[in-house]
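First the structure, in the form of structure tokens, and then the observations on it.
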Amino acid sequence: MKSLPFILALVIFFVTVSPSHALDPRLVPNNKVGIHILFPSELSEAARLVNSSGGDWGYITIPMQAGDKDLEKWQKFMHQAKEHHIIPIIRLATEGDYFNTKVWRKPTASDVLDFANFLNSLDWPTKNRYVIVFNEVNRGDEWGGSPNPAEYADILQYAAIVFKNKNQDFFVISSGLDNAAPTKSGQYINQYDFLRFMHQAQPTVFDNLDGLGSHSYPNPGFAQPPTNIGKMSIVSFRYEKELVEQLSGKALPVFITETGWTRDAVPEKIIPGYYKEAFSSAWNDSAVIAVTPFLLRAGGGPFHGFSFVWDNGTSEIYEVVEKLSKIKGEPVLAPPATADSTPSAKVLGTKNFSKERYDLQSETMHIPQSFKTLTKWLLKI
949 MKSLPFILAL VIFFVTVSPS HALDPRLVPN NKVGIHILFP SELSEAARLV NSSGGDWGYI
1009 TIPMQAGDKD LEKWQKFMHQ AKEHHIIPII RLATEGDYFN TKVWRKPTAS DVLDFANFLN
1069 SLDWPTKNRY VIVFNEVNRG DEWGGSPNPA EYADILQYAA IVFKNKNQDF FVISSGLDNA
1129 APTKSGQYIN QYDFLRFMHQ AQPTVFDNLD GLGSHSYPNP GFAQPPTNIG KMSIVSFRYE
1189 KELVEQLSGK ALPVFITETG WTRDAVPEKI IPGYYKEAFS SAWNDSAVIA VTPFLLRAGG
1249 GPFHGFSFVW DNGTSEIYEV VEKLSKIKGE PVLAPPATAD STPSAKVLGT KNFSKERYDL
1309 QSETMHIPQS FKTLTKWLLK I
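Residue numbers (my numbering): 949 to 1329.
Here you go:
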């Protein structure tokens, strides 16, 4: 495959991207309370939490892996999100590397094209279509084994262009970064250095973004009280936002898509009070659009200590967040689907938009035919 910087340069040369963006969620009443889930089947349980106590149209963050583009599954999820008044935030993901299952495969340009094509085929509940471009990319195990800010800047800029050309309603959000990662050659890069290196590699990388992703965990150790306001704390989003604004001149709204305390480090009886204080102070910031703590239901896996729901029922943490006074969100809704716009496997040909089946000639991006042919050759699809 040809290098992404080369492809990106050609895209920018041939494509004129409209300066318009998705709607600014800061301009409407917004219920920022949300939760992170792992599976679509958890949506109704999540809705009961985030839309309780006067709330409506809360948020959920959910990952979508490159090999999980099942049209029926994800359209059902979108229909349920509309029914339950949930605003979905889709986090793009690859999968474990074939040769090294301890790391996630590094995404490619064709991954981005496939995601854009698939996600644009779905009917979303709201006009804004929130998409996070991958996860904690300042960690080597999240980026093929070694973090590379220049490569991520290329992918992020390319994603902004491709998604926006598919549909201006896509709201493109940068990856949340590991806010406790040290700079350790080949393994981690401190998040603030990572953002600077991204900007050095692609000076316009933040210009086409709609939102800034943040993992404002209470670090070190997922254990610090909400009164801690350092650069690794639950307000690390402020330092990230200020840095991006210094670099680009753009004040991006913030999406805290992971945060939370673990019972492995903090007594369970203390954590509910920490959440109550955090939502009323640190996260009660007009720049913060959504806070989706990690995690609704972890089961018995490695994230068990973060779970809001136990196998035998809800926790005190769940109950405290459920009782928090919330806002009735009023997002701009997507227009009703028509018969012609409703996606179907028959029309699209396949439920799996793998690169082997993706036909770039049928792309609806507003680009010249000559460029489509050239891109198809570059990506060998």
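C-beta atoms are modelled at their ideal positions from N, C-alpha and C, and glycine is treated no differently. On a predicted model such as this, the values are computed, not experimentally measured, just so you know.
Put simply, of Asp1071, Thr1262, Ala1129 and Phe1203 the residue whose alpha carbon is nearest the alpha carbon of Lys1030 is Asp1071.
If you check the CB distance, Asn1076 and Tyr1136 do not come in under 8 Å. By the CB criterion at 8 Å, Gly1002 and Lys1217 fall outside the cutoff.
With distances taken between CA atoms, Leu1243 lies nearest to Arg1211 out of Lys1271, Trp1091, Val1081 and Arg1211. Cα atoms of Glu1099 and Ala1057: separation of roughly 11 Å, rounded to the nearest angstrom. By the neighbour-count definition (other C-beta atoms within 10 Å, threshold 16), Asp1259 is an exposed residue.
Going by C-alpha positions, Ser1000 is about 31 Å away from Ser1069. DSSP places Val1202 inside the beta strand (DSSP E), whose first and last residues are Val1202 to Glu1206.
Under the criterion of beta carbons closer than 8 Å, Ser1122 and Leu1104 qualify as touching, at roughly 6 Å. About 4 Å separates the CB atoms of Pro1220 and Val1268; that is less than 8 Å, so the two are in contact.
Across the structure, Pro1036 and Met1026 are spaced so that their CA atoms are roughly 8 Å apart. Sequence-distant Cβ neighbours of Ile985 in its own chain, meaning closer than 6 Å and more than five residues away, are Ala994, Ile1008, Ile1010 and Leu1244. Val1236 carries a strand assignment under DSSP once its states are collapsed to helix, strand and coil. If you draw a straight line from the Cα of Ile1265 to the Cα of Trp1231, it is about 17 Å long.
Within the model, the alpha-carbon separation for Asn1176 versus Glu1020 is close to 45 Å.
For Pro1095, the three-state secondary structure derived from DSSP is coil. By the 16-neighbour rule on beta-carbons within 10 angstroms, Phe1254 is buried. In this structure, the alpha-carbon of Gly1248 lies about 21 Å from that of Ser992. The Cβ atoms of Phe1082 and Lys1017 do not sit closer than 8 Å to each other.
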